[in-house]
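Contents: one structure, followed by commentary.
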Amino acid sequence: MEMTTTKASALVADRRAVCRSVASFARPARRTATHVVKFKEIGKQATSHQATTAKLLSRRGYAATEPNKPLSPFTHSVGELGPSEIDIKVTHNGLCHTDIHMAINDWGVSAFPFVPGHEVVGIVAATGRDVTGLRAGDRVGVGWISNSCRCCSNCIRGNDNLCEKGYTGLCMFGQHGGFQETCRVQADFAHKIPDGLDSASAAPLLCAGITVYAPLRAHVTRPNMSVAVMGVGGLGHLALQYARKMGAEVTAISGRPEKEKECREFGAHNFMIWNKDNAAYKSKFDIIINTASSDVSTTELMALLKVDGSLVQVGIPGGGASMTVNLQDLVFNQKKVVGSIVGGRADMKEMLEFSAVHGVKPLVETMPLSKVNEAMQHVLSGKARYRVVLTSDWE
Numbered sequence: 001m002e003m004t005t006t007k008a009s010a011l012v013a014d015r016r017a018v019c020r021s022v023a024s025f026a027r028p029a030r031r032t033a034t035h036v037v038k039f040k041e042i043g044k045q046a047t048s049h050q051a052t053t054a055k056l057l058s059r060r061g062y063a064a065t066e067p068n069k070p071l072s073p074f075t076h077s078v079g080e081l082g083p084s085e086i087d088i089k090v091t092h093n094g095l096c097h098t099d100i101h102m103a104i105n106d107w108g109v110s111a112f113p114f115v116p117g118h119e120v121v122g123i124v125a126a127t128g129r130d131v132t133g134l135r136a137g138d139r140v141g142v143g144w145i146s147n148s149c150r151c152c153s154n155c156i157r158g159n160d161n162l163c164e165k166g167y168t169g170l171c172m173f174g175q176h177g178g179f180q181e182t183c184r185v186q187a188d189f190a191h192k193i194p195d196g197l198d199s200a201s202a203a204p205l206l207c208a209g210i211t212v213y214a215p216l217r218a219h220v221t222r223p224n225m226s227v228a229v230m231g232v233g234g235l236g237h238l239a240l241q242y243a244r245k246m247g248a249e250v251t252a253i254s255g256r257p258e259k260e261k262e263c264r265e266f267g268a269h270n271f272m273i274w275n276k277d278n279a280a281y282k283s284k285f286d287i288i289i290n291t292a293s294s295d296v297s298t299t300e301l302m303a304l305l306k307v308d309g310s311l312v313q314v315g316i317p318g319g320g321a322s323m324t325v326n327l328q329d330l331v332f333n334q335k336k337v338v339g340s341i342v343g344g345r346a347d348m349k350e351m352l353e354f355s356a357v358h359g360v361k362p363l364v365e366t367m368p369l370s371k372v373n374e375a376m377q378h379v380l381s382g383k384a385r386y387r388v389v390l391t392s393d394w395e
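Below, the structure written as structure tokens:
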């Protein structure tokens with residue numbers, strides 16, 4: 001389904017206007033059926049660049065070769081660059097807890113060996129013959145989703161994360177992620193990084209950022225809604241920033257009182273200590289975003305919701321965790337429990353622009369990629385503040 005030039009221009013203008021707004025309520029307008037154009041139609045005015053791949057056939061990286069083992073140096077080979085693909089000279093990788101889940105096969109979906117990394121930022125090194133929206137030298141980022149069918153109703157609306165045929169994760173099903181020198185991806189799943197974002201800040205936004213931005217965008221529908229963020233870590237500290245910039249009244253929920261000062265700096269108006277202040281905050285929130293990677297009582301979280309409130313689950317505890325819902329609370333108070341998985345290409349572009357305009361940035365620690373195993377242990381220890389970014393140090 002093709003999109004007319006007038007409609008496309010209007011949609012682009014609308015998104016740009018939204019992200020340039022500096023009003024206290026900065027939530028983007030609800031998107032209607034936004035059509036994502038076919039690959040070859042992207043950027044028709046740009047000049048196509050033929051790839052040269054002769055020197056890019058052997059790739060170095062760090063791979064998980066079996067569950068519960070440290071990542072190790074890994075070399076693999078790639079063929080000729082496909083017509084719709086690009087090669088990215090990787091400069092920065094966000095280290096997401098999902099990379100660790102995948103490396104230890106905590107979710108039972110990993111295919112070994114594989115190169116982790118799905119918060120990838122780098123410079124376009126080569127482009128396939130049909131790529132017209134990007135050129136060598138562009139700074140781009142790639143997140144969790146690396147491919148989709150592009151033709152189902154959800155993909156057409158830009159919701160590739162809900163592809164009816166199933167999307168491809170960057171480091172799943174035999175794909176190799178960003179913990180390597182050069183990463184090959186489908187060009188239309190690579191996003192230009194706005195000038196207002198440095199690469200170390202941009203990397204975690206490609207997974208952590210979109211994971212919390214997308215549900216907030218969907219559920220924050222008016223100014224001054226009461227939004228709580230459960231868990232103030234890599235996801236939560238970004239959710240606090242986005243919710244504040246969208247004009248919500250923001251409460252941080254944590255079991256660690258020492259986090260209050262930082263939470264307020266991230267944008268929280270209020271700070272609730274979990275299992276201590278619960279009674280005082282009963283029926284207080286329109287929305288709760290649960291970012292916790294540990295198993296938290298759904299019943300206790302739902303008790304904090306107002307009538308007709310929504311609990312949005314984005315954290316995924318390991319070990320096959322499940323939730324128990326109080327059906328009387330759910331039905332009689334018309335509450336909602338929903339899940340959210342990252343975001344599609346339309347939301348990703350919008351999130352990056354919103355972050356650049358409104359100054360939303362993760363708090364990061366940088367470590368060289370060669371120290372990836374130490375970095376993973378640092379994350380597992382709970383000492384990371386708040387995201388770890390690996391910088392390429394290939395010789």
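Just so it is clear: in the sequence shown, position 301 is 301 by the UniProt record's numbering, and no numbers are missing.
No residue lacks a Cβ here, since even glycine has one placed at the ideal position from N, Cα and C.
Contact between the stretch 111-121 and the stretch 307-322 is not established, with fewer than three Cβ pairs separated by less than 8 Å.
For the 8 Å CB-CB criterion, A203 and H358 do not form a contact.
When DSSP states are grouped into helix, strand and coil, P317 belongs to the coil group. Under the three-state reduction of DSSP output, Y167 falls in the coil class, being neither helix nor strand.
Residue pairing from DSSP places I145 in a beta bridge opposite G169. The stretch 271-280 and the stretch 246-262 touch, with three or more beta-carbon pairs separated by less than 8 Å. Under the DSSP definition of a beta bridge, D87 partners with A126 and R184. Sixteen is the threshold: when 16 or more other Cβ atoms of the shown chains lie within 10 Å of the Cβ of E85, as they do, the residue is buried. A residue is called buried when at least 16 other Cβ atoms come within 10 angstroms of its Cβ; P73 does not meet this threshold and is exposed. Shown here, N270 sits in a strand according to DSSP, grouped into three states.
Straight-line measurement puts the Cα of I88 at about 30 Å from the Cα of Q241. Within the stretch 191-258, complete alpha helix (DSSP H) segments of at least 4 residues are found at 199-204, 210-219 and 236-245, given in chain order. Following the DSSP letters along the chain, one finds K371 in no alpha helix (DSSP H), marked with neither H nor E. The residue from N224, I288 and M376 with its alpha-carbon nearest to that of G339 is I288. Under the three-state reduction of DSSP, F114 is assigned to strand.
Across the structure, P215 and F179 are spaced so that their CA atoms are roughly 28 Å apart.
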